[in-house]
Amino acid sequence: MTITALVVVTLVAAAVLSQVIHVQVAPDSAAQKPFGQYSKFLSTIKHPGPIPLSDIYGNDSSSIISANQLAGLNAKIPAYVPSGLELKVIKTKMDQSGGQSNMVTLIYAPKQINIDAKTTITNVLDYNGVIAFYMKDSPDKDRAKWMNDYISSAPGAHAITIHGQQAIGTNGVPQNGMKSQVIFYDGDAEVIMFSVGYSESDLIKIAESMR
Amino acid sequence: MAMTLRNNAILENKKNIMLLTVLIPSLIGIGLLSTSIPNAEATQCGNPHCYADQRTTSISSLSGEKRTEVVTDLTTSTTCPTNTEFIDEEGWIVFANNDWLEAGFTQGYLQGVCRTSEHNFYADSIGGFYQEFDSGAVSIGSTQTYEESDRNPGSGNIWHVYINGVDKAQLTMASSTASFVQQGEEVSYNTSSAPKTDYSNIQKFAGAPPGWSSLGSGTNPFQDDTSFGLWINNCSPSFTHITTGMGGTASC
Chain A
1 MTITALVVVT
11 LVAAAVLSQV
21 IHVQVAPDSA
31 AQKPFGQYSK
41 FLSTIKHPGP
51 IPLSDIYGND
61 SSSIISANQL
71 AGLNAKIPAY
81 VPSGLELKVI
91 KTKMDQSGGQ
101 SNMVTLIYAP
111 KQINIDAKTT
121 ITNVLDYNGV
131 IAFYMKDSPD
141 KDRAKWMNDY
151 ISSAPGAHAI
161 TIHGQQAIGT
171 NGVPQNGMKS
181 QVIFYDGDAE
191 VIMFSVGYSE
201 SDLIKIAESM
211 R
Chain B
1001 MAMTLRNNAI
1011 LENKKNIMLL
1021 TVLIPSLIGI
1031 GLLSTSIPNA
1041 EATQCGNPHC
1051 YADQRTTSIS
1061 SLSGEKRTEV
1071 VTDLTTSTTC
1081 PTNTEFIDEE
1091 GWIVFANNDW
1101 LEAGFTQGYL
1111 QGVCRTSEHN
1121 FYADSIGGFY
1131 QEFDSGAVSI
1141 GSTQTYEESD
1151 RNPGSGNIWH
1161 VYINGVDKAQ
1171 LTMASSTASF
1181 VQQGEEVSYN
1191 TSSAPKTDYS
1201 NIQKFAGAPP
1211 GWSSLGSGTN
1221 PFQDDTSFGL
1231 WINNCSPSFT
1241 HITTGMGGTA
1251 SC
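Line order of the protein sequences matches chains A and B. According to our numbering, the first sequence holds residues 1 to 211 in order. According to our numbering, the second sequence holds residues 1001 to 1252 in order.
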């Protein structure tokens, strides 16, 4: 009888404690966002098949310093990321024809998520991860003209400012699985950051901390 | 007597404390796990569609993809049962920000209409916004050519979609260089069947020079779930000529 009463008390205590723990998580925590929204969106549209991260972003690098040395870029780790996210992997992709398309990519995901050789871009977006990559901008590109053209071409894209310079933002619809994106420049590198789980304003905050 | 009762009570309390010590962390752990592990979506195909395609990675200055296809009868016993279903025979260009361009022929749900015969189409996802376009009906047995490319690096990342040589769309993308190409079949429901479809003259554009060339190394066939009967065959010349289908026997 006493044990039965104790079990009931324990269950109630555990339920109360788990609620307390739940409400103490920061509002922008990765743990509070539903997983799988991007796949739901994809199920209704034509789209490419699953692509492993390494096929797009290349090989793992041990540090941002070694990635930058290899790629000839100056990618930066953001000082701010939303709570619950952590840097899972830094990847480097080398352009075999002279380095113009070398890339350094930072992949963030919730702490409880494992990223391995089979993880795809869809997986990262389903887990509300954030992907940011640096790539050398084409030297013969007229940036101002391209920005205007891109904003005209991409519904929802608009001019924003990052690091005091003109940039492009797109505010997605997380509950519909549509990604948000920011595109900005750091010297001669184009930086693109995107996520389904995090809004344009979240991405701007991350981008502003990449100094 | 009083002493024995007191000892029994102490023993009982110790037991209860031990029980609580084990139960509380276990229950909290179970509670936390249930809120942190993602729920797997039950899907018929894994991604969430089925694919039989070939895919090319790790090539430099990728700025285009083109191919020739012979239109086959993709009509199935169930057409658009929930107004999302389709079968495509197509090619894709994928960018590092997960934007993409695609073109080919399809049967099923397209641009808000259930097409019960084959139609050419192209689609794009730019900055997360998806659009698809019906490019008109095509006859079974006819030969169609498709190309998505940015052959002019100084153009400002303007990519074109050509169907049978006609410039169908000029789209400003985030980059003049794509990361990935695919060619093959996409099926949104696994109760379908599709006859063998022939893809030939498959080439990539890798800047000028070298211009157009065959896919070669870095290309691999991919079938994400053979239990649905999708197949892809690499014919001759390798990766330049493929066949795909759903059901039946794979052949060139």
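Idealized CB from N, CA, C, for every residue including glycine.
Which two residues bound the contiguous beta strand (DSSP E) that contains residue i?
i, result
"E1069/B", "G1064 to V1070"
"A1123/B", "V1113 to I1126"
"Q1054/B", "C1050 to T1056"
"V1187/B", "F1180 to V1187"
"L106/A", "M103 to P110"
"E1136/B", "At residue 1136/B the sequence reads Gly, which differs from the Glu that was named. Unbroken beta strand (DSSP E) run through G1136/B: F1129 to A1137."
"Q1223/B", "T1219 to Q1223"
With 16 as the cutoff for other CB atoms within 10 Å, does residue i come out buried or exposed?
i, result
"A1137/B", "exposed"
"N1097/B", "buried"
"N1152/B", "exposed"
"I77/A", "exposed"
"Q24/A", "A caution first: Q24/A carries a pLDDT of 40, below 50, which makes its placement in the model unreliable, though a value can still be read off. Q24/A is exposed by the Cβ-count criterion."
"D116/A", "exposed"
"M1/A", "Its pLDDT being 48, under 50, M1/A is placed unreliably in this model, and the value from its coordinates should be taken loosely. Per the 10 Å Cβ criterion, exposed."
"I21/A", "Because I21/A sits at a pLDDT of 41, beneath the cut-off of 50, its placement in the model cannot be relied upon, and the point is left open."
"P1025/B", "Confidence at P1025/B is low in this model, with a pLDDT of 49, below 50, so the placement of that residue is unreliable and no value is reported for it."
"D142/A", "exposed"
"I192/A", "buried"
"R211/A", "exposed"
"C1050/B", "buried"
"S66/A", "exposed"
"D95/A", "buried"
"A1174/B", "buried"
"K1204/B", "buried"
"A26/A", "The predicted position of A26/A is uncertain, since its pLDDT is 47 and thus under 50; a value taken from the coordinates is nonetheless stated next. Its Cβ having fewer than 16 others within 10 Å, A26/A is exposed."
"G1247/B", "exposed"
"S1238/B", "exposed"
"H158/A", "exposed"
"V1113/B", "exposed"
"Y80/A", "exposed"
"A1040/B", "Interpretation of A1040/B is limited by its pLDDT of 28, a score under 50 that renders its predicted location unreliable; the figure taken from the coordinates is listed afterwards. Answer is exposed; the Cβ neighbour count stays below 16."
Which one or two residues does DSSP pair with residue i in a beta bridge?
i, result
"T1244/B", "T1197/B and I1232/B"
"P82/A", "P82/A is not bridged to any residue."
"L1171/B", "W1159/B"
"E1102/B", "W1092/B and A1123/B"
"S195/A", "S180/A"
"A132/A", "L106/A and M193/A"
"Q1203/B", "K1066/B"
"E1147/B", "K1066/B and Y1162/B"
"Q1107/B", "I1087/B"
"L87/A", "Y108/A"
"K76/A", "K76/A is not bridged to any residue."
"T92/A", "N59/A and V104/A"
"D186/A", "A189/A"
Should residue i and residue j be called a contact, given that it needs their Cβ atoms to be closer than 8 Å?
i, j, result
"V130/A", "Y185/A", "no"
"I204/A", "G169/A", "yes"
"V1094/B", "P48/A", "yes"
"Q175/A", "Q37/A", "yes"
"E1069/B", "E1148/B", "no"
"K93/A", "Y134/A", "no"
"N128/A", "P110/A", "yes"
"R956/B", "N1220/B", "This structure does not reach residue 956/B, given that chain B is present from 1001 up to 1252, and the question cannot be answered."
"S1179/B", "L1062/B", "yes"
"D1088/B", "I1140/B", "no"
"I64/A", "I90/A", "yes"
"D1150/B", "W1159/B", "yes"
"G1184/B", "A1052/B", "yes"
"L73/A", "K136/A", "yes"
"T122/A", "S39/A", "yes"
"C1080/B", "Y1122/B", "no"
Got a sec, what are the start and stop residues for the alpha helix (DSSP H) residue i sits in?
i, result
"L974/B", "Outside the modelled stretch of chain B, which goes from 1001 to 1252, sits residue 974/B, for which no answer is possible."
"L212/A", "Residue 212/A cannot be examined here, being either before or after the span of chain A that is shown, 1 to 211."
"N123/A", "I121 to D126"
Quick one: which chain D residues come within Cβ less than 7 Å of residue i?
i, result
"T1177/B", "In the structure shown, chain D cannot be found, because the protein chains are A and B."
### Task
Only counting runs of 4 or more residues, tell me where the alpha helix (DSSP H) segments fall wholly within the stretch 137-183 of chain A, in order along the chain.
143-153
### Query
Curious, which full-length alpha helix (DSSP H) runs of at least 4 residues does the stretch 43-70 of chain A contain?
53-57
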